[in-house]
Amino acid sequence: MNMKITYTQNGDYLIPNLKMDDETMEVPGKYGMLRKTYLKTHRGGTYQTLLLSGRLNQHLLEIDQTANRRMEQIVNQLLKTNPAPDKATEQMNWIQHMNALTNQAEEIVLKELIYI
């Protein structure tokens with residue numbers, strides 16, 4: 005592996021011209037970070053393999069996107085089976101109902117995608 009690194013003169017110092025890949029610039033969201041923490045603490049071998057092969061960030065972004073799509077699907081399914089009260093007349097009941105559905109959907113997503 006013969007890599008040539010170029011340098012820029014900055015005063016008395018030579019600064020390497022290093023550039024990160026564009027895909028590594030994206031930051032995983034909530035579910036990606038939860039997955040990273042889980043891999044680090046419970047699946048060390050998998051975490052190290054993904055990290056050293058340079059696929060960790062891509063994996064975390066995929067998990068995050070999939071989890072967000074799945075959350076949306078589950079909440080919509082739950083709304084069909086458990087319709088929410090009228091938002092205009094019962095705001096607090098509507099908020100309570102939607103929070104309960106979101107929490108239920110999040111539990112499912114965490115078990116299906118994050119903690120496996």
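Read in order, the letters of the sequence shown correspond to residues 5 to 120 in our numbering. By construction, the Cβ of each residue, glycine as well, lies at the ideal position given by its N, Cα and C atoms.
Can you find the residues in the same chain that come closer than 7 Å, C-beta to C-beta, to R101, ignoring five residues on each side of it along the sequence? Within the sequence shown, residue 101 is the residue found at index 97, counting from 1. According to the sequence as given, residue 101 is His; it is not Arg. Excluding positions up to five away in sequence, the list reads A88, P89.
At what residue ranges does the region 38-84 contain a whole run of the beta strand (DSSP E), taking only runs of 3 or more? none
Distance, V31 Cα to V79 Cα: Within the sequence shown, numbered from 1, the residue matching residue 79 stands at position 75. Within the sequence shown, numbered from 1, the residue matching residue 31 stands at position 27. Cα to Cα, V79 sits roughly 25 Å from V31.
Cβ neighbour criterion (16 or more within 10 Å) applied to D16: Translated into the one-based positions of the sequence shown, residue 16 becomes position 12. Answer is exposed; the Cβ neighbour count stays below 16.
C-beta neighbour in chain D for L60, strict 7 Å: Judged by its chain identifiers, the structure shown contains no chain D, having just a single protein chain.
Going along the chain, which residues of its own chain have a beta-carbon closer than 7 Å to the beta-carbon of L82, five neighbours each way excluded? As a working mapping, residue 82 is identified with position 78 in the sequence shown. Contacts found: L105, Q108, A109.
Going by DSSP, name the residue or residues bridged to T12. One-based indexing of the sequence shown puts residue 12 at position 8. Partner(s): I19.
Determine the closest residue to H63 out of Y51, R74, R73, N72, with distance taken between C-alpha atoms. For the purposes of this step, residue 63 is taken as residue 59 along the sequence shown, with counting starting at 1. Here the closest residue by C-alpha is Y51.
Inspect the beta-carbon positions of I118 and R39 and report whether they are closer than 7 Å. Locating residue 118 in the sequence shown gives position 114, counting from the first residue. Locating residue 39 in the sequence shown gives position 35, counting from the first residue. Contact: yes.
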